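For reference, the structure is listed below as structure tokens.
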């Protein structure tokens, strides 16, 4: 006798729903190590930098995995598409020509820091190479290792 198809959920469906709920809760959770003062500073900070015109940003709902509060914090950055830290500003000056990422400059910066950009990220586009190089340099700075930004 064939088993009747019931409306009950399978174990896999329940697990998938639990994973989605956990991911949603994690996205809404506080940022580890962030104090109330830091959050207020991010939310109320005027990130105007001398010689850089403010960027008008409009936040629209999206399906990003990045929590909205981080998106708002990054939107205050004067450089669109960056985290807005000091390294981002220096990378912008060093690796761009006419507002676009310049692969030759990215390779030169990588070589100055003993990083073969094409070997590590050969299959990536120029923007991803620039982003990855910036992340590696940030990691070196965080660990106290020497970094050459010239």
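In this note's numbering, the protein residues as written are 315 to 464.
For every residue, glycine included, the Cβ atom is placed at its ideal position computed from N, Cα and C.
In this text, all values refer to a predicted model and were calculated from it rather than measured experimentally.
From residue i to residue j, what does the alpha carbon distance come to, in whole angstroms?
i, j, result
"residue 314", "residue 450", "No statement about residue 314 is possible, as the shown extent of the chain runs from 315 to 464 and does not include it."
"residue 461", "residue 441", "20 Å"
"residue 430", "residue 384", "31 Å"
"residue 433", "residue 455", "22 Å"
"residue 398", "residue 324", "45 Å"
"residue 425", "residue 396", "22 Å"
"residue 438", "residue 458", "28 Å"
"residue 322", "residue 351", "47 Å"
"residue 333", "residue 403", "37 Å"
"residue 328", "residue 407", "50 Å"
"residue 381", "residue 326", "26 Å"
Can you round the beta-carbon distance between residue i and residue j to whole angstroms, since I take them to be within the 8 Å contact cut?
i, j, result
"residue 446", "residue 435", "5 Å"
"residue 415", "residue 452", "Actually they do not touch by this definition, with Cβ atoms about 17 Å apart."
With a Cβ-Cβ cutoff of 7 Å, do residue i and residue j count as a contact?
i, j, result
"residue 401", "residue 409", "no"
"residue 417", "residue 448", "no"
Between the options, which has its C-alpha nearest residue i's C-alpha?
i, options, result
"residue 379", "418, 406, 336 and 413", "336"
"residue 463", "333, 328, 423 and 334", "423"
Is there a C-beta anywhere in chain C that falls below 7 Å from the one on residue i?
i, result
"residue 419", "Here there is only one protein chain, and chain C is not present."
Shorter than 6 Å, the distance from the beta carbon of residue i to the closest heavy atom of the ligand COA, or not?
i, result
"residue 446", "As for the ligand COA, it is missing from this structure, which has no ligand bound."
With a CB to CB cut of under 6 Å and the five nearest residues on each side skipped, what residues in its chain are close to residue i?
i, result
"residue 412", "none"
I'd like the list of long-range same chain contacts for residue i, defined as Cβ closer than 8 Å, with 5 residues on each side in sequence excluded.
i, result
"residue 331", "323"
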